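Trainee: Below are the structure tokens for one structure; questions will follow.
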Amino acid sequence: MTDHPPPTDPSDTPSVSAEKRISEILGSEQAGLGSNVLAFASLEGVSVRDGHAHVSLATSRDNVSRVEPIRPHVEAEIARIPGLTGATISLTAHRATTPPPANAPSAPAGGGHRPFNLGGQSRNAASRHAPETLLPGVKAVVAVASGKGGVGKSTTAVNLAAGLAKQGVRTGLLDADIYGPSLPRMLGKNARPEVVDGRIIPIEAWGLKSMSIGYLVDEHQAMIWRGPMVMGALTQFLGEVDWGELDVLVIDMPPGTGDAQLTLAQKLGAKMAKGGAVIVSTPQDIALLDARRGVSMFERMETPILGVVENMSYFCCPNCNHRTELFGHGGAQEEAKRLGVPFLGEIPLLADIRASGDDGTPIILSAPDSEAARAYTALASTIAAALATSDEKASS
Numbered sequence: 086m087t088d089h090p091p092p093t094d095p096s097d098t099p100s101v102s103a104e105k106r107i108s109e110i111l112g113s114e115q116a117g118l119g120s121n122v123l124a125f126a127s128l129e130g131v132s133v134r135d136g137h138a139h140v141s142l143a144t145s146r147d148n149v150s151r152v153e154p155i156r157p158h159v160e161a162e163i164a165r166i167p168g169l170t171g172a173t174i175s176l177t178a179h180r181a182t183t184p185p186p187a188n189a190p191s192a193p194a195g196g197g198h199r200p201f202n203l204g205g206q207s208r209n210a211a212s213r214h215a216p217e218t219l220l221p222g223v224k225a226v227v228a229v230a231s232g233k234g235g236v237g238k239s240t241t242a243v244n245l246a247a248g249l250a251k252q253g254v255r256t257g258l259l260d261a262d263i264y265g266p267s268l269p270r271m272l273g274k275n276a277r278p279e280v281v282d283g284r285i286i287p288i289e290a291w292g293l294k295s296m297s298i299g300y301l302v303d304e305h306q307a308m309i310w311r312g313p314m315v316m317g318a319l320t321q322f323l324g325e326v327d328w329g330e331l332d333v334l335v336i337d338m339p340p341g342t343g344d345a346q347l348t349l350a351q352k353l354g355a356k357m358a359k360g361g362a363v364i365v366s367t368p369q370d371i372a373l374l375d376a377r378r379g380v381s382m383f384e385r386m387e388t389p390i391l392g393v394v395e396n397m398s399y400f401c402c403p404n405c406n407h408r409t410e411l412f413g414h415g416g417a418q419e420e421a422k423r424l425g426v427p428f429l430g431e432i433p434l435l436a437d438i439r440a441s442g443d444d445g446t447p448i449i450l451s452a453p454d455s456e457a458a459r460a461y462t463a464l465a466s467t468i469a470a471a472l473a474t475s476d477e478k479a480s481s
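What follows is the structure, given as structure tokens:
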């Protein structure tokens with residue numbers, strides 16, 4: 086007769102046990118403080134990555150001041166759980182449902198949500214997040230955008246940034262897609278950024294500085310956040326990341342024309358005026374309709390349109406070199422002409438582009454003599470020339 090092991094209790098797994106212990110700590114009285122965290126906040130979620138626990142709590146604005154004195158003690162207690170090396174508690178301060186009294190002092194503008202607890206600088210969040218204080222060492226911002234997902238925008242942004250860095254342009258790359266971050270995988274980095282004096286140190290890869298929420302959360306964790314939390318995270322990436330001195334920050338924008346795009350365009354208007362927007366589309370009409378909306382949005386925000394890229398322009402068979410235009414061809418070029426904006430070139434649909442992204446090395450670096458790399462290099466050269474011209478105008 087074969088012995089069968091007893092069924093495993095799901096609560097015995099390390100991650101579940103850690104979450105259970107964290108909940109117990111949050112609800113326990115803190116020695117000498119006379120209170121517990123859950124008296125003023127509710128637990129939204131827990132995730133553990135590389136031994137570091139991330140705890141999200143929802144509270145009211147009034148109760149934030151009550152949780153703050155307890156937070157360091159609770160983080161230290163959680164970090165002592167076997168298997169953990171550290172802990173971060175993030176607070177989501179929701180607006181009150183009733184209006185404040187008429188004589189209540191007004192809250193400082195610009196503070197907003199701060200999903201990531203970076204230490205003692207939280208008191209100065211409002212002033213640090215004012216548009217004029219964002220990205221002080223960055224000369225220009227280039228937004229790589231599309232009206233819809235699935236057109237290869239992130240691949241274009243990564244290879245453009247790598248191409249600019251290869252040409253000696255001091256370049257940063259920000260993954261602004263909070264819900265679908267792809268930068269860590271495409272750059273081959275699975276590191277957690279350091280926080281020094283309340284500022285995030287960007288991850289360096291392939292000669293450029295990079296930041297993505299994918300560096301801060303487990304890649305399997307779904308970001309179930311409402312708009313204010315997303316905007317708060319983006320604002321922290323702009324105001325609380327130590328980007329240093331850069332000629333350009335390339336932003337891989339989320340698809341569409343929603344809150345994130347408007348917030349970035351509004352907060353970075355002056356920086357984008359020195360750079361601009363690159364619109365990525367595939368050749369078929371349905372994608373061009375959305376690209377049109379992207380161009381229209383940036384024009385309304387008075388952001389220069391650097392041009393339109395036609396991605397997946399054609400497929401070239403690796404065996405016989407026969408060219409097949411799977412999605413049509415030339416649609417983006419015709420649309421750019423109709424809109425009166427530059428056409429920045431065609432990027433072929435090649436398996437090597439996909440493979441290089443999955444492997445973590447941009448194809449512009451892994452296969453510099455390939456057809457795809459030549460197309461991305463030409464794109465980077467065009468953008469570098471546009472930035473140089475803008476810099477010369479600003480200096481004159």
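Using this note's numbering, read the sequence shown as starting at 86 and increasing by one per residue. All residues carry an ideal CB built from backbone N, CA and C; glycine is no exception. The structure presented is a predicted model; accordingly, all values stated were derived computationally and were not measured.
1. What whole-angstrom Cβ distance do residue 394 and residue 426 have, given they're in contact under 8 Å?
2. Return helix, strand or coil for residue 276, following the three-state DSSP convention.
3. Measure the C-alpha to C-alpha separation of residue 451 and residue 442 and round it to an integer number of angstroms.
4. Going straight from the alpha carbon of residue 236 to that of residue 161, what length do you get?
5. Quick check on the burial criterion: 16 or more other C-beta atoms within 10 angstroms. Buried or exposed for residue 112?
6. What first and last residue would you give for the beta strand (DSSP E) that runs through residue 314?
7. Could you tell me the boundaries of the alpha helix (DSSP H) in which residue 164 lies?
8. Using CA coordinates, which residue listed in 462, 327, 105 and 281 is at the minimum distance from residue 253?
9. Where does residue 40 land, buried or exposed, given buried means 16+ other C-beta within 10 angstroms?
10. Where does residue 231 sit, in a helix, a strand or coil, going by DSSP?
11. How would you label residue 255, buried or exposed, when you count the other beta carbons within 10 angstroms and need 16 or more for buried?
12. Return the first residue and the last residue of the alpha helix (DSSP H) that residue 357 is part of.
13. Along the chain, where does the alpha helix (DSSP H) that runs through residue 460 open and close?
14. Distance check for residue 467 and residue 310, CA to CA, integer angstroms please.
15. Alpha carbons only, please: which of 440, 477, 476 and 456 is nearest the one belonging to residue 272?
16. How many whole angstroms separate the CB atoms of residue 239 and residue 337, which I take to be in contact at a CB cut-off of 8 Å?
17. Spell out the partners DSSP gives residue 134 in its beta bridges.
18. Can you pull the DSSP bridge partners for residue 258?
19. In this structure, does DSSP put residue 128 in helix, strand or coil?
20. Measuring CB atoms only, is the segment 267–285 touching the segment 417–436, in the sense that at least three cross pairs come out at less than 8 Å?
21. Closest by CA to residue 322, which one among 303, 292, 332 and 353?
22. What separation, rounded to the nearest whole angstrom, lies between the Cα atoms of residue 224 and residue 350?
23. With burial defined as no fewer than 16 other Cβ atoms inside 10 Å of the residue's Cβ, what is the status of residue 251: buried or exposed?
24. Tell me the rounded alpha-carbon separation between residue 191 and residue 386.
25. Just the C-alpha distance for residue 469 and residue 335, rounded to the nearest angstrom, thanks.
26. Buried or exposed: where does residue 297 fall if 16 or more other Cβ atoms within 10 Å of its Cβ makes it buried?
27. If you draw a straight line from the alpha carbon of residue 312 to that of residue 344, how long is it in whole angstroms?
28. Please confirm whether residue 176 and residue 142 have their CB atoms less than 7 Å apart.
29. Report the partner residues of residue 106 according to the DSSP bridge assignment.
Mentor: If we stick to the structure as given:
1. Not really, about 11 Å apart at Cβ, beyond 8 Å.
2. coil
3. When rounded, the distance between both Cα atoms is 10 Å.
4. 45 Å
5. Residue burial is scored here from C-beta neighbours: residue 112 has fewer than 16 other C-beta atoms within 10 angstroms and is therefore classed as exposed.
6. No beta strand (DSSP E) holds residue 314; the alpha helix (DSSP H) holding it covers 312–324.
7. From DSSP, the alpha helix (DSSP H) with residue 164 extends over 156–164.
8. 462
9. With the chain represented from 86 up to 481, any question about residue 40 goes unanswered, as that position is not in the structure.
10. coil
11. buried
12. 354–359
13. 456–480
14. 37 Å
15. 440
16. 5 Å between Cβ atoms; contact.
17. 137
18. 295 and 335
19. Looking at residue 128 - three-state DSSP - the assignment turns out to be strand.
20. no
21. Comparing Cα positions, the closest option is 353.
22. 15 Å
23. Result: buried.
24. The pLDDT assigned to residue 191 is 36, lower than 50, so where the model puts this residue is not dependable, and the model offers no usable value.
25. 12 Å
26. buried
27. Residue 312 and residue 344: Cα-Cα distance of roughly 7 Å.
28. yes
29. In DSSP, residue 106 forms no bridge with anything.
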